[in-house]
Amino acid sequence: MEEEQSLYTEEEQELRDIITKNLGTSIDLNDSNDRGLVDYLVEVYNGTEFGDVEEAREGAESFLKASLPNLKQIKIENLLDELTDYVKEQKDPEKLAQKAEEEHELERLESLERDGTCKLCGGCQKITIHHTIPKLVLKRLRNKVKD
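Numbering of the sequence shown is given in this note's numbering, commencing with residue 97 and proceeding in unit increments.
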């Protein structure tokens, strides 16, 4: 099972976890039909854009009712609610823009660190003790070392 999980992206795995948690004993992942059902639901929701989530939900609901006729409506609704909320959260344009901005800022900071720019004085050198020990104390320390 560990090898199988590594085949999926983080988002796909999260969707799979939501589905298997909500369906519980209604499905058996050792059964190829049930694995196909889970794969189909992941594919439907994973390929969905922010504005198309409700359409994906309707298609998934029809599919679940046809595939698992004995599954209670409340279980279907709970599963679809959780999947829909997850996808809306992941595909929210504002959240995606914020995430991209955070990644860009992190990349910028990492490049500064790699280049050795001191964050305190802007000097093009790696951070040294001149920012952690006051200059006068540093002189005294150096003088003691010489003695």
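Positions of the beta carbon are idealized from the N, C-alpha and C atoms, including for glycine.
It should be emphasised that the depicted structure is a prediction, and the values quoted were computed from it without experimental measurement.
Legend entry - Euclidean distance between Cα positions of residue 106 and residue 130: If you take the alpha carbons of residue 106 and residue 130, they lie about 21 angstroms apart.
Inset, instruction - Taking 8 angstroms as the threshold, find out whether the segment 114-121 comes into contact with the segment 172-190 through three or more Cβ pairs. - result: Contact between the segment 114-121 and the segment 172-190 is present, because at least three Cβ pairs lie under 8 angstroms.
Inset, instruction - Can you give me the start and stop residues for the alpha helix (DSSP H) that residue 310 sits inside? - result: No answer is possible for residue 310: it lies beyond the span of the chain, which begins at 97 and ends at 243.
Inset, instruction - Spell out a yes or no on whether the segment 139-154 and the segment 183-192 are touching, meaning 3 or more CB-CB pairs, one atom from each, closer than 8 angstroms. - result: Yes: the two stretches touch, three or more of their Cβ pairs being nearer than 8 angstroms.
Inset, instruction - Could you name the residues of the same chain whose beta carbon sits closer than 8 angstroms to that of residue 98, not counting the 5 residues immediately before and after it, in chain order? - result: Its pLDDT being 46, under 50, residue 98 is placed unreliably in this model, and the value from its coordinates should be taken loosely. Apart from the 5 residues on each side of it in sequence, residue 98 has no Cβ closer than 8 angstroms to any other Cβ in its chain.
Inset, instruction - Less than 8 angstroms between the CB atoms is what I'm expecting for residue 140 and residue 156, so what's the real figure, rounded? - result: Under the criterion of beta carbons closer than 8 angstroms, residue 140 and residue 156 qualify as touching, at roughly 5 angstroms.
Inset, instruction - Compute the distance between the beta-carbons of residue 108 and residue 138, then report whether it is under 9 angstroms. - result: Yes; because the gap between Cβ atoms is below 9 angstroms, this pair is in contact.
Inset, instruction - Note down, in chain order, each residue of its chain lying with its Cβ closer than 7 angstroms to the Cβ of residue 159, except the 5 sequence neighbours on either side. - result: Cβ neighbours of residue 159 within its own chain (closer than 7 angstroms, five residues either side excluded): 136.
Inset, instruction - Could you pull the start and end residues of the alpha helix (DSSP H) that residue 166 belongs to? - result: No alpha helix (DSSP H) contains residue 166, which DSSP labels as neither H nor E.
Inset, instruction - Pick helix, strand or coil for residue 144, following the three-state DSSP scheme. - result: Correct three-state label for residue 144: coil.
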